[in-house]
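The structure appears right after this line, and notes come after that.
Numbering (the working numbering), first residue to last: 87 to 276.
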């Protein structure tokens, strides 16, 4: 496992873009193939610098985490990519992002927590324990600091995966009138 640096950001973006290309929330926000890679082009450097990001040595899995009490802050250098996200998604996509953020704020825990924005495994490595390995590695940081871990899961197939690693559902919602379900999940430090 390695921390994502400016030299490995493109590898982390590729992993996460592949892993999230069929994500229910991502596709609800903005259907089409351009949104997901553009979003990770925007967010990967922000998370790796303002929180922490991990990439497996084989570049088959990656995570993006935010430290307790922090939010992603877009600087001026992120403006061109942020404008590209806007051009891809339009106003409807921005409204959906806002709906997702509103739902998320209602369920965020009161305790300090590390926020898992994304964990992804490339298709060729799925089912080989790579996701469990990178999640366990990341959760060691939370446990060492005796801090909770929190995530928003939009894929029902992943519920048991997160529960196996100690996450519990603390809330659930459906986005918009016909949007996907989202499960808000919290893990106690060990």
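Yeah, the Cβ is synthetic: ideal placement off N, Cα and C, and Gly gets one too. This one's a predicted model, so the numbers in the text were calculated from it and none came from an experiment.
Residue 104: member of the alpha helix (DSSP H) spanning 95–105, first to last residue. At least 9 Å separates the beta-carbon of residue 132 from that of residue 102. At a Cβ-Cβ threshold of 9 Å, residue 217 and residue 247 count as neighbours. The beta carbon of residue 137 is closer than 6 Å to those of 151, 152, 153 in its chain, skipping five residues each way along the sequence. Contact annotation, residue 226 with residue 275: C-beta distance approximately 11 Å; criterion of less than 8 Å not satisfied.
By a beta-carbon distance limit of 8 Å, residue 186 contacts residue 115. Their separation comes to about 7 Å.
For residue 145, same chain residues with a beta-carbon under 7 Å away, outside a window of 5 residues either side, are 97, 101 in chain order.
Between the segment 190–197 and the segment 251–258 there are three or more inter-stretch CB-CB distances shorter than 8 Å, so the stretches are counted as touching. Annotation for residue 223: 87, 140 place their beta carbon closer than 8 Å to its own, counting only its chain and skipping 5 residues before and after. Distances from the alpha-carbon of residue 107 to those of 93, 211, 122 put 122 closest. In summary, residue 220 is buried, with 16 or more beta-carbon neighbours lying within 10 Å of its beta-carbon over all protein chains present.
Following the DSSP letters along the chain, one finds residue 235 inside the beta strand (DSSP E) bounded by residues 234–239.
Counting other Cβ atoms within 10 Å of its Cβ, residue 92 stays below 16 and is therefore classed as exposed. Its chain contains 221 as the residues whose beta carbon lies nearer than 6 Å to that of residue 251, once the 5 sequence neighbours on both sides are disregarded; these appear in chain order. By the CB criterion at 9 Å, residue 189 and residue 268 fall inside the cutoff.
Distance from residue 147 to residue 211 at the Cβ level is roughly 7 Å; contact confirmed, criterion being Cβ atoms closer than 8 Å.
With a beta-carbon spacing of about 6 Å, residue 198 and residue 155 fall inside the 8 Å limit used to define contacts. Distance between residue 201 and residue 94, taken at the CA atoms: about 21 Å. Residue environment for residue 134: buried (at least 16 other C-beta atoms within 10 angstroms of its C-beta).
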